[in-house]
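Enquirer: Quick one: the structure is below, and I'll ask about it shortly.
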Amino acid sequence: MKKNLTIEQKKKYVIDDYNAIVQEYTEEFFDDKSDEKYIDQFLQSLEGKNVLDAGCGNGRDCKYINQKGFKVKGIDLSKEMLVIAKKWFLRLTLK
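Per our numbering, the very first residue in the sequence shown carries number 43; after that it's consecutive.
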């Protein structure tokens with residue numbers, strides 16, 4: 043990434059990168075379960091059953107959290123990541 047970029051330019055740079063690698067990222071990491079123990083610890087600390095996954099990417103963690111009985115809303119800046127997430131999980135709220 044170039045130096046002296048504005049925050050908006052940096053944001054666009056990152057979004058463009060994720061949009062460009064969405065298929066490879068999904069193939070590589072969608073079945074990765076290494077974060078599930080941390081997610082379980084987080085879920086145990088919640089009082090309610092609603093979760094916002096900010097930066098949900100392709101929806102991998104949304105799927106896991108939903109399977110644990112929580113209502114999940116996922117948001118992400120990468121439109122292409124959300125396209126993948128919506129294909130996998132039509133019942134989840136993703137924006």
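The beta carbon of each residue, even a glycine, is placed where N, CA and C say it ideally should be.
Around the C-beta of asparagine 92, are 16 or more other C-beta atoms found within 10 angstroms, so that it is buried, or is it exposed?
Expert: Counting from 1 along the sequence shown, the entry for residue 92 is found at position 50. Answer is exposed; the Cβ neighbour count stays below 16.
Enquirer: Give a yes or no on whether the C-beta atoms belonging to isoleucine 117 and glycine 101 are separated by under 9 Å.
Expert: The count along the sequence shown starts at 1 and reaches residue 117 at position 75. The count along the sequence shown starts at 1 and reaches residue 101 at position 59. Contact: no.
Enquirer: Roughly how many angstroms lie between the CA atoms of glutamate 89 and lysine 115, to the nearest whole one?
Expert: Sequence index remark: in the sequence shown, residue 89 carries index 47 (1-based). Sequence index remark: in the sequence shown, residue 115 carries index 73 (1-based). Spanning the two alpha carbons is a distance of roughly 17 Å.
Enquirer: CB-CB under 8 Å to glutamate 78, same chain, minus the five flanking residues each way: which ones, in chain order?
Expert: Translated into the one-based positions of the sequence shown, residue 78 becomes position 36. Excluding residues within five positions, the ones whose Cβ falls inside 8 Å are Tyr106.
Enquirer: Between Phe112, Lys129, Gln65 and Lys121, which lies nearest to aspartate 40 when the distance is taken from Cα to Cα?
Expert: Missing from the structure shown is residue 40; the chain here goes from 43 to 137 and no further.
Enquirer: With a threshold of 8 Å on Cβ separation, who are the neighbours of leucine 85 within its own chain once the five nearest residues in sequence on each side are excluded?
Expert: Position 43 of the sequence shown, counted from the start, is the residue given in the question as residue 85. Once the five neighbours on either side are set aside, the close Cβ partners of leucine 85 are Val93, Ile107, Lys110 and Phe112.
Enquirer: Pull up the CB-CB distance for glutamate 122 and asparagine 46, whole angstroms please, since I reckon it's below 8 Å.
Expert: The residue you call residue 122 lines up with position 80 of the sequence shown. The residue you call residue 46 lines up with position 4 of the sequence shown. In fact, because the Cβ distance is near 27 Å, the residues do not count as touching under 8 Å.
Enquirer: Is the beta carbon of isoleucine 126 sitting closer than 9 Å to the one on threonine 68?
Expert: Counted from its first residue, the sequence shown places residue 126 at position 84. Counted from its first residue, the sequence shown places residue 68 at position 26. For isoleucine 126 and threonine 68, yes; Cβs fall inside 9 Å.
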